[in-house]
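Residue numbers (numbering that gives the first Met the number 0): 0 to 162.
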Amino acid sequence: MPARSFLDALQASHPAPDRADKMALYGRFAGDWTMDAVVHAEDGARHTGQGAIHFAFVLEGRAIQDVWILPGFFYGTTLRVYDPGIDAWHILWSDPLKQLYTRQIGRAEGSDIVQEGTADGGILMRWSFRGITPVSFLWRGERSLDGGASFHLQAEFRARRTS
Numbered sequence: 000m001p002a003r004s005f006l007d008a009l010q011a012s013h014p015a016p017d018r019a020d021k022m023a024l025y026g027r028f029a030g031d032w033t034m035d036a037v038v039h040a041e042d043g044a045r046h047t048g049q050g051a052i053h054f055a056f057v058l059e060g061r062a063i064q065d066v067w068i069l070p071g072f073f074y075g076t077t078l079r080v081y082d083p084g085i086d087a088w089h090i091l092w093s094d095p096l097k098q099l100y101t102r103q104i105g106r107a108e109g110s111d112i113v114q115e116g117t118a119d120g121g122i123l124m125r126w127s128f129r130g131i132t133p134v135s136f137l138w139r140g141e142r143s144l145d146g147g148a149s150f151h152l153q154a155e156f157r158a159r160r161t162s
């Protein structure tokens with residue numbers, strides 16, 4: 000029977016059974032979070048604020064979607080899709096407020112999650128989840144202007160579970 004609404008078609012209450020173990024990498028974030036944010040501008044200025052993050056299983060439990068909100072600064076969503084062929088995740092970020100769109104590949108790296116990709120102009124990006132516990136994590140956004148020899152912090156979000 001077809002879903003009755005867009006939300007019914009999008010949302011899933013649990014991961015797809017054929018990949019539930021792999022879905023746990025990001026699935027452990029399902030729920031609602033608050034965050035303290037520090038964003039570093041290229042001119043050295045810092046933007047600080049508080050925001051929210053919401054994660055959920057979507058597309059019959061074969062993907063994780065999240066919404067990241069830092070009022071007045073960004074409002075975007077990520078679609079995270081596990082690909083058994085490469086044993087990694089396709090990460091697609093979209094922020095219509097800033098007109099920013101990125102594509103990355105995400106994998107576990109020890110107890111952390113690291114996502115890597117290339118921004119416009121060939122700049123290497125590394126976004127990571129670190130210090131992950133059931134009730135908190137640190138998200139870091141970094142970029143490299145020297146082909147990966149060094150990375151510079153662009154943003155850091157300290158998240159706490161609210162539900």
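Ideal placement from N, C-alpha and C gives every residue a C-beta, glycine not left out.
Within-8 Å CB hit, isoleucine 68 to chain C | Protein chain content of the structure displayed is limited to a single chain, and chain C is not contained in it.
Considering alanine 62, what are the terminal residues of the beta strand (DSSP E) in which it resides?
-> Looking up residue 62 in the sequence shown gives position 63. Alanine 62 -> beta strand (DSSP E) spans 62-69.
Neighbourhood of glutamate 155 by C-beta, 6 Å cutoff - its chain only, sequence neighbours within 5 removed = In the sequence shown, residue 155 corresponds to position 156, counting from 1. Correct list, in chain order: Val37, Arg139.
Leucine 24 and alanine 107: beta carbons closer than 8 Å?
-> Taking the sequence shown and counting its residues from 1, the one referred to as residue 24 is at position 25. Taking the sequence shown and counting its residues from 1, the one referred to as residue 107 is at position 108. Result yes, Cβ atoms of leucine 24 and alanine 107 sit closer than 8 Å.
Taking all protein chains shown into account, do 16 or more other C-beta atoms lie within 10 angstroms of the C-beta of threonine 101, making it buried, or fewer, making it exposed?
-> Within the sequence shown, numbered from 1, the residue matching residue 101 stands at position 102. Burial call: buried.
Under the three-state reduction of DSSP, which class applies to aspartate 86: helix, strand or coil?
-> Reading the sequence shown from its first residue, position 87 is the one you call residue 86. In this structure, DSSP gives aspartate 86 a state outside helix and strand, which the three-state scheme calls coil.
Alpha-carbon spacing of isoleucine 52 relative to aspartate 20, whole angstroms | As a working mapping, residue 52 is identified with position 53 in the sequence shown. As a working mapping, residue 20 is identified with position 21 in the sequence shown. For isoleucine 52 and aspartate 20, the distance between alpha carbons rounds to 23 Å.
Roughly how far, in whole angstroms, is the beta-carbon of leucine 69 from the beta-carbon of glycine 50, given that I think they are within contact range, below 8 Å?
-> Along the sequence shown, read from residue 1 onward, the residue named residue 69 stands at position 70. Along the sequence shown, read from residue 1 onward, the residue named residue 50 stands at position 51. About 4 Å; that satisfies the 8 Å criterion.
From Arg61, Phe54, Glu59, Gly60, residue whose alpha carbon lies closest to that of tryptophan 67 | Here residue 67 refers to the residue found at position 68 when the sequence shown is read from its first residue. Per the Cα distances, Phe54.
Use the C-beta contact count for glycine 84: other C-beta atoms within 10 angstroms, 16 or more gives buried, fewer gives exposed.
-> The count along the sequence shown starts at 1 and reaches residue 84 at position 85. Answer is exposed; the Cβ neighbour count stays below 16.
Cβ shell of phenylalanine 128 (< 7 Å), same chain only, five flanking positions each side left out = Position 129 of the sequence shown holds residue 128. Taken in chain order, the residues that qualify are Asp111, Ile112, Phe136, Trp138.
Look up methionine 34 in the DSSP assignment and give the residues it is bridged to.
-> Your numbering for residue 34 matches position 35 in the sequence shown. Answer is Gly50, Ala158.
Cβ-based neighbour list, glutamine 10, same chain, cut-off 8 Å, excluding 5 preceding and 5 following = What you label residue 10 is simply residue 11 of the sequence shown in a count that begins at 1. These residues qualify, in order along the chain: Ala55, Phe56, Val57.
Using the beta-carbon count (16 or more within 10 Å), is isoleucine 122 buried or exposed?
-> Taking the sequence shown and counting its residues from 1, the one referred to as residue 122 is at position 123. Per the 10 Å Cβ criterion, exposed.
Secondary structure of phenylalanine 73, DSSP reduced to three states | As a position in the sequence shown, residue 73 is number 74, starting the count at 1. Strand at phenylalanine 73.
Beta-carbon proximity of tryptophan 88 to glycine 105, cut-off 8 Å = To locate residue 88, count along the sequence shown from 1; it is residue 89. To locate residue 105, count along the sequence shown from 1; it is residue 106. Yes, these two residues count as a Cβ contact at 8 Å.
Close Cβ partners of threonine 76 (< 7 Å) along its chain, the five nearest in sequence each way excluded | Residue 76 sits at position 77 when you count from the first residue of the sequence shown. Correct list, in chain order: Gln64, Asp65, Val66, Ser93.
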